[in-house]
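Protein sequences appear in the order of chains A and B. Quick note: the first sequence uses the UniProt record's numbering, first residue 1, plus one each step. Quick note: the second sequence uses the UniProt record's numbering, first residue 1, plus one each step. From the three backbone atoms N, C-alpha and C, an ideal C-beta is built for every residue, glycine too. It should be emphasised that the depicted structure is a prediction, and the values quoted were computed from it without experimental measurement. Report on one structure; see the data block that follows.
There are 2 protein chains.
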Amino acid sequence: MKIVEGGVTKAKGFEAASTAAKIKYEGRTDMALIYSEKPCAAAGTFTTNVVKAAPVKWDRQVVDSGKPVHAVVVNSGIANACTGEEGMYYCEETARAAAEALGIPADSVALGSTGEIGRQLPIDRMKAGVKALAEKKNDSIENGTLAAKAIMTTDTVEKELAAEIEVGGVTVTIGGMAKGSGMIHPNMCTMLSFITTDAVISKEALQKVLSADVQDTYNMISVDGDTSTNDTVLLLANGAAGNEEIKEGTPEYEAFCQALHEINVYLAKKIAGDGEGATALFEAKVIGAETKEQAKTLAKSIVCSDLTKTAIAGHDANWGRIFCAMGYSGAQFDPEKVDLFFESKAGKIQITENGTAVAYSEEKATEILSQPEVTAIADIKMGTEEASAWGCDLTYDYIKINADYRS
Amino acid sequence: MKIVEGGVTKAKGFEAASTAAKIKYEGRTDMALIYSEKPCAAAGTFTTNVVKAAPVKWDRQVVDSGKPVHAVVVNSGIANACTGEEGMYYCEETARAAAEALGIPADSVALGSTGEIGRQLPIDRMKAGVKALAEKKNDSIENGTLAAKAIMTTDTVEKELAAEIEVGGVTVTIGGMAKGSGMIHPNMCTMLSFITTDAVISKEALQKVLSADVQDTYNMISVDGDTSTNDTVLLLANGAAGNEEIKEGTPEYEAFCQALHEINVYLAKKIAGDGEGATALFEAKVIGAETKEQAKTLAKSIVCSDLTKTAIAGHDANWGRIFCAMGYSGAQFDPEKVDLFFESKAGKIQITENGTAVAYSEEKATEILSQPEVTAIADIKMGTEEASAWGCDLTYDYIKINADYRS
Numbered sequence: 001m002k003i004v005e006g007g008v009t010k011a012k013g014f015e016a017a018s019t020a021a022k023i024k025y026e027g028r029t030d031m032a033l034i035y036s037e038k039p040c041a042a043a044g045t046f047t048t049n050v051v052k053a054a055p056v057k058w059d060r061q062v063v064d065s066g067k068p069v070h071a072v073v074v075n076s077g078i079a080n081a082c083t084g085e086e087g088m089y090y091c092e093e094t095a096r097a098a099a100e101a102l103g104i105p106a107d108s109v110a111l112g113s114t115g116e117i118g119r120q121l122p123i124d125r126m127k128a129g130v131k132a133l134a135e136k137k138n139d140s141i142e143n144g145t146l147a148a149k150a151i152m153t154t155d156t157v158e159k160e161l162a163a164e165i166e167v168g169g170v171t172v173t174i175g176g177m178a179k180g181s182g183m184i185h186p187n188m189c190t191m192l193s194f195i196t197t198d199a200v201i202s203k204e205a206l207q208k209v210l211s212a213d214v215q216d217t218y219n220m221i222s223v224d225g226d227t228s229t230n231d232t233v234l235l236l237a238n239g240a241a242g243n244e245e246i247k248e249g250t251p252e253y254e255a256f257c258q259a260l261h262e263i264n265v266y267l268a269k270k271i272a273g274d275g276e277g278a279t280a281l282f283e284a285k286v287i288g289a290e291t292k293e294q295a296k297t298l299a300k301s302i303v304c305s306d307l308t309k310t311a312i313a314g315h316d317a318n319w320g321r322i323f324c325a326m327g328y329s330g331a332q333f334d335p336e337k338v339d340l341f342f343e344s345k346a347g348k349i350q351i352t353e354n355g356t357a358v359a360y361s362e363e364k365a366t367e368i369l370s371q372p373e374v375t376a377i378a379d380i381k382m383g384t385e386e387a388s389a390w391g392c393d394l395t396y397d398y399i400k401i402n403a404d405y406r407s
Numbered sequence: 001m002k003i004v005e006g007g008v009t010k011a012k013g014f015e016a017a018s019t020a021a022k023i024k025y026e027g028r029t030d031m032a033l034i035y036s037e038k039p040c041a042a043a044g045t046f047t048t049n050v051v052k053a054a055p056v057k058w059d060r061q062v063v064d065s066g067k068p069v070h071a072v073v074v075n076s077g078i079a080n081a082c083t084g085e086e087g088m089y090y091c092e093e094t095a096r097a098a099a100e101a102l103g104i105p106a107d108s109v110a111l112g113s114t115g116e117i118g119r120q121l122p123i124d125r126m127k128a129g130v131k132a133l134a135e136k137k138n139d140s141i142e143n144g145t146l147a148a149k150a151i152m153t154t155d156t157v158e159k160e161l162a163a164e165i166e167v168g169g170v171t172v173t174i175g176g177m178a179k180g181s182g183m184i185h186p187n188m189c190t191m192l193s194f195i196t197t198d199a200v201i202s203k204e205a206l207q208k209v210l211s212a213d214v215q216d217t218y219n220m221i222s223v224d225g226d227t228s229t230n231d232t233v234l235l236l237a238n239g240a241a242g243n244e245e246i247k248e249g250t251p252e253y254e255a256f257c258q259a260l261h262e263i264n265v266y267l268a269k270k271i272a273g274d275g276e277g278a279t280a281l282f283e284a285k286v287i288g289a290e291t292k293e294q295a296k297t298l299a300k301s302i303v304c305s306d307l308t309k310t311a312i313a314g315h316d317a318n319w320g321r322i323f324c325a326m327g328y329s330g331a332q333f334d335p336e337k338v339d340l341f342f343e344s345k346a347g348k349i350q351i352t353e354n355g356t357a358v359a360y361s362e363e364k365a366t367e368i369l370s371q372p373e374v375t376a377i378a379d380i381k382m383g384t385e386e387a388s389a390w391g392c393d394l395t396y397d398y399i400k401i402n403a404d405y406r407s
């Protein structure tokens with residue numbers, strides 16, 4: 001597997017575009033298109049929130065129908081959530097406008113929206129935006145990057161990555177783009193991730209790989225514990241690479257899983273590190289666990305705690321809060337066995353041994369915790385399983401961004 | 001039932017004291033004593049966190065033994081959590097010092113600690129503090145209030161209340177004190193609540209009343225979603241009122257339950273409204289629920305969301321975040337049926353009808369949301385059950401207080 005430059009247009013046969021449609025924002029792009037002339041097998045995972053945005057309901061239908069997908073139309077600024085029948089109608093209208101502009105069936109158009117909940121989409125601007133996207137689309141790397149920019153809300157940087165694998169002498173490419181950056185526990189801002197591949201692979205295999213990998217990547221990040229109404233991950237495969245079909249149980253399948261995982265982990269960590277107001281990516285790694293599930297539960301509880309997050313913001317080795325967060329996670333362990341370490345580019349330091357503090361240097365700890373990427377490692381000494389979760393620090397700017405998000 | 005002035009010393013036979021023992025803080029009191037010469041039946045509820053502080057383990061033993069309790073010794077500044085065997089030994093030493101100073105058995109002394117996790121108690125100062133408390137104790141209302149002040153950490157005000165009921169012509173009094181104000185989801189700062197009553201009532205009845213009422217009061221508040229290692233509610237009954245024993249199923253039992261509930265709700269709301277950095281008490285009330293449990297799950301999810309809390313801080317009627325928080329709570333409901341209202345002293349306003357926005361005045365909504373006590377009411381139209389949860393807004397000051405709590 002090789003990491004390469006690019007995003008959703010890196011795989012063969014995929015085009016992208018972005019445009020400033022004035023959905024809500026002024027002076028920036030706010031709509032994006034991903035398009036494949038060749039029909040795509042599509043896999044998707046969606047928010048578990050009972051309150052599902054209209055585009056989530058729409059995409060669920062599109063993916064479940066089993067029909068091929070040709071396009072994804074995404075807008076930022078308005079989430080089209082809590083918008084009732086009117087909101088669903090605007091999904092239909094948007095898909096119909098895309099179908100007309102691109103010469104494809106309306107039920108081959110997936111949708112994504114992110115932004116304010118409860119407000120209706122300005123459908124005329126959406127339709128005009130779709131038309132502009134259809135005219136501007138091309139397969140350049142640059143257009144992929146511009147699409148990644150157009151779907152941002154409070155994100156500070158676009159997020160994209162691509163990887164190549166070899167399948168029977170043929171190069172297969174996977175590329176993706178994603179956005180965060182509040183209501184991330186995989187709302188208002190929503191996690192959206194769109195992955196494209198030119199692999200020849202069945203829809204069933206695609207869904208299986210995606211559903212499994214999401215559990216260890218996007219579902220292991222948290223900015224604020226709020227699960228959005230709009231969370232969506234879509235994976236499209238158009239088969240343009242012309243490889244022999246990738247089948248389960250083969251080395252090629254493993255390679256595909258690994259490459260997809262690398263892209264998903266990269267995008268997930270980028271979302272966590274670019275959380276609203278964040279100054280640091282905070283990783284919690286639990287090792288020595290009895291089961292993977294236990295390690296995941298403990299790791300996620302650590303990165304979700306407002307108190308661990310404010311401590312990271314303050315570069316403070318407040319290990320008691322980490323123990324506390326593990327303690328209320330719901331997972332069982334013996335706190336009097338736990339060895340805790342902090343690690344970053346500035347070094348690694350042991351903080352506790354068997355649950356109580358060792359004589360560590362607060363100064364060195366603060367130095368380690370002042371880096372832009374910080375890891376807390378908890379060895380619970382019960383077995384050999386491990387897991388990581390990713391979050392960010394909680395800062396004044398999170399409050400600033402969210403106390404008056406709508407104005 | 002009559003609400004009356006006072007706290008833990010209002011009920012007959014209870015004395016209190018406070019002292020500045022320099023456990024961690026300088027220039028303020030940091031130890032408190034509650035004492036009853038008459039032996040008390042004791043009921044207790046404790047943190048569900050797997051990481052339990054040494055005083056929680058100690059109190060569990062004291063309450064479970066069924067032996068009478070005579071005293072509670074509380075310190076602020078250091079939580080005596082994650083302190084291993086040394087921490088447990090310091091509990092013993094503290095209880096022994098109290099036993100000696102007060103002339104009571106060591107196993108009749110309950111303990112409470114709140115503050116930094118992972119640091120050992122300065123046991124010599126604790127012992128000296130206990131001695132000073134024993135000398136200063138008396139049954140004045142003022143000493144009750146001073147005790148309530150001494151147990152504060154980042155709390156900005158002391159929290160106490162008392163109530164009287166009539167039992168067969170005899171006045172029975174219940175009084176309590178509590179503290180918050182971070183790691184409140186009933187950590188670092190811990191929720192502690194101590195209730196005293198002169199009622200004649202069995203230990204079994206006492207525990208039953210307390211365990212039930214905690215579910216609707218302290219367990220329905222949240223400052224930051226972090227469940228402390230030290231959360232403790234203790235209810236002591238010394239029988240000094242001389243009433244006929246209060247037995248289950250009688251009107252007197254109901255009156256006792258009601259009075260205890262009023263005190264617990266008052267203290268719980270005080271803790272929520274005085275959450276770290278908070279400028280407003282935020283109540284979420286879910287009505288029209290199918291079951292009480294459903295109403296509680298939804299209400300608590302609303303007050304726990306960082307995004308609803310920052311919206312309250314910004315006086316922003318961001319109702320989408322409330323829907324979102326209900327949606328990921330785990331409780332089932334139909335978002336397209338929900339009527340949402342905001343209410344405060346400035347009035348009441350309907351925001352949604354059947355899940356979508358009505359034409360409401362943002363200006364009026366902001367006025368309502370700018371009050372120090374704000375309620376969101378969600379009618380889910382499924383039945384007749386209801387529940388409230390209490391939290392607070394999330395502000396810059398929460399970050400300020402917690403980014404560098406230890407320094």
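Could you check if Phe46(B) belongs to the surroundings of the ligand ATP, using beta carbon to heavy atom distance under 8 Å? Summarising the ligand content, the structure contains no ligands, and the ligand ATP is consequently not present.
Contact between the region 321–329 of chain A and the region 42–59 of chain B is defined here as three or more beta-carbon pairs at a separation below 8 Å; is this criterion met? The region 321–329 of chain A makes contact with the region 42–59 of chain B: 3 or more CB pairs, one atom from each, lie closer than 8 Å.
Closer than 6 Å by C-beta to Ala98(B): which residues in its own chain qualify, once you throw out the five before and the five after it? Chain order, please. Result list for Ala98(B): Ala71, Val73, Val109 and Val130, in chain order.
From Thr111(A) to Pro39(A), what does the alpha carbon distance come to, in whole angstroms? Per the sequence shown, residue 111(A) should be read as Leu rather than Thr. In this structure, the straight-line span from the alpha carbon of Leu111(A) to that of Pro39(A) is close to 16 Å.
Which residues does DSSP pair with Glu116(B) in a beta bridge? Answer is Ile78(B).
Which chain A residues sit within Cβ distance under 7 Å of Ala357(B)? Using a Cβ-Cβ cut-off of 7 Å, Ala357(B) is close to Gly118 of chain A, given in chain order.
Three or more beta-carbon pairs under 8 Å between the region 5–19 of chain B and the region 327–336 of chain A, yes or no? Inter-segment contact for the region 5–19 of chain B and the region 327–336 of chain A is absent: fewer than three beta-carbon pairs are separated by less than 8 Å.
Is Lys57(B) closer than 9 Å to Met88(B) when the C-beta atoms are compared? Yes, the pair counts as a contact, with Cβ atoms nearer than the cut-off.
Contacts that Val50(A) makes with chain B (C-beta to C-beta distance below 7 Å): Simply Gly327, Gln332, Phe333 and Pro335.
Among His261(A), Val358(A) and Ala106(A), which one has its Cα closest to the Cα of Met220(A)? The candidate whose alpha carbon is nearest that of Met220(A) is His261(A).
So what does DSSP say about Cys189(A), is it helix, strand or coil? Low confidence applies here, because Cys189(A) scores a pLDDT of 47, under 50, leaving its location unreliable; read the following figure in that light. Here Cys189(A) sits in coil by DSSP.
Can you tell me whether DSSP reads Asn264(B) as helix, strand or coil? Helix at Asn264(B).
Check Ala331(B) in the structure and name its three-state DSSP category. Here Ala331(B) sits in coil by DSSP.
Please confirm whether Ala241(A) and Thr171(A) have their CB atoms less than 9 Å apart. Taking 9 Å as the Cβ cut-off, Ala241(A) and Thr171(A) qualify as a contacting pair.
Could you give the uninterrupted runs of the alpha helix (DSSP H) lying entirely in the region 290–366 of chain A, keeping only those of 4 residues or more? Secondary structure in the region 290–366 of chain A: the alpha helix (DSSP H) runs of 4 residues or longer, each lying completely within the stretch, are 292–304, 306–313 and 319–327 in chain order.
Would you call the region 347–360 of chain A and the region 238–255 of chain A touching, i.e. three or more CB-CB distances under 8 Å? Touching, no.
Under the three-state reduction of DSSP, which class applies to Leu235(A): helix, strand or coil? Three-state result, Leu235(A): strand.
For my contact list, residue 432(A) and Ile263(A) are in at a C-beta cut-off of 8 Å; report their separation, rounded to the angstrom. This structure leaves residue 432(A) out entirely; chain A is present only between 1 and 407.
Mind checking which residues open and close the alpha helix (DSSP H) that includes Thr45(A)? Per DSSP, Thr45(A) belongs to no alpha helix (DSSP H); it is in the beta strand (DSSP E), Met31 to Phe46.
Closer than 9 Å by beta-carbon distance: list the chain B residues that pair up with Arg28(A), in chain order. The contacting residues do not exist; Arg28(A) stays about 22 Å from chain B at best.
Buried or exposed, going by whether 16 or more other CB atoms sit within 10 Å of the CB of Gln294(A)? Burial call: buried.
Alpha-carbon to alpha-carbon, Ala42(B) and Lys400(A): As the crow flies, the alpha-carbon of Lys400(A) is around 46 Å from that of Ala42(B).
Segments of 3+ residues assigned as beta strand (DSSP E) that fall wholly inside the region 116–148 of chain A: List check, beta strand (DSSP E) in window: nothing returned.
For Thr366(A), which residues in the same chain have their Cβ closer than 6 Å to its Cβ, ignoring the five residues on either side in sequence? Spatial neighbours of Thr366(A) in its own chain (CB-CB distance under 6 Å, excluding positions within 5 residues in sequence) are listed in chain order as His315.
Please check if any C-beta of chain A sits within less than 9 Å of the C-beta of Thr232(B). Output row for Thr232(B): interface = no.
Count the other C-beta atoms from every protein chain shown that fall within 10 angstroms of the C-beta of Ser344(A), then say buried if there are 16 or more, exposed otherwise. Ser344(A) comes out buried.
Does any CB atom of chain A fall closer than 9 Å to the CB of Thr291(B)? Chain A contact via Cβ: absent.
Could you compute how far the alpha carbon of Glu386(A) sits from the alpha carbon of Lys300(B)? Each residue's alpha carbon lies about 31 Å from the other.
Note down, in chain order, every chain B residue with its Cβ under 7 Å from the Cβ of Ile399(A). The answer, in chain order, is Thr310, Ala313, Leu394, Thr395, Tyr396 and Ile399.
Quick one: residues in its chain with C-beta nearer than 7 Å to the C-beta of Pro186(B), no 5 flanking neighbours on either side, listed in chain order? Bear in mind that the predicted position of Pro186(B) carries a pLDDT of just 46, short of 50, making it too unreliable to give a figure here.
Checking contacts by CB at 9 Å: is Glu86(A) closer than that to chain B? Closer than 9 Å: yes.
Please name the residue in Glu142(B), Lys381(B) and Leu369(B) whose C-alpha comes closest to that of Ala289(B). Just measuring C-alpha positions, the residue of Glu142(B), Lys381(B) and Leu369(B) sitting nearest Ala289(B) is Lys381(B).
With C-beta atoms as the reference, is Glu276(B) less than 9 Å away from Asp397(B)? Their beta carbons are under 9 Å apart, which means Glu276(B) touches Asp397(B) by this criterion.
Between the CA atoms of Ser113(A) and Thr229(A) - distance to the nearest angstrom: One C-alpha to the other measures close to 10 Å.
Indicate the three-state DSSP secondary structure (helix, strand or coil) for Val73(B) in the structure shown. DSSP, read as helix, strand or coil, puts Val73(B) in strand.
Alpha carbons only, please: which of Val200(A), Cys304(A), Leu161(A) and Ile201(A) is nearest the one belonging to Thr193(A)? Per the sequence shown, residue 193(A) should be read as Ser rather than Thr. The shortest C-alpha to C-alpha distance from Ser193(A) to any of Val200(A), Cys304(A), Leu161(A) and Ile201(A) is the one to Leu161(A).
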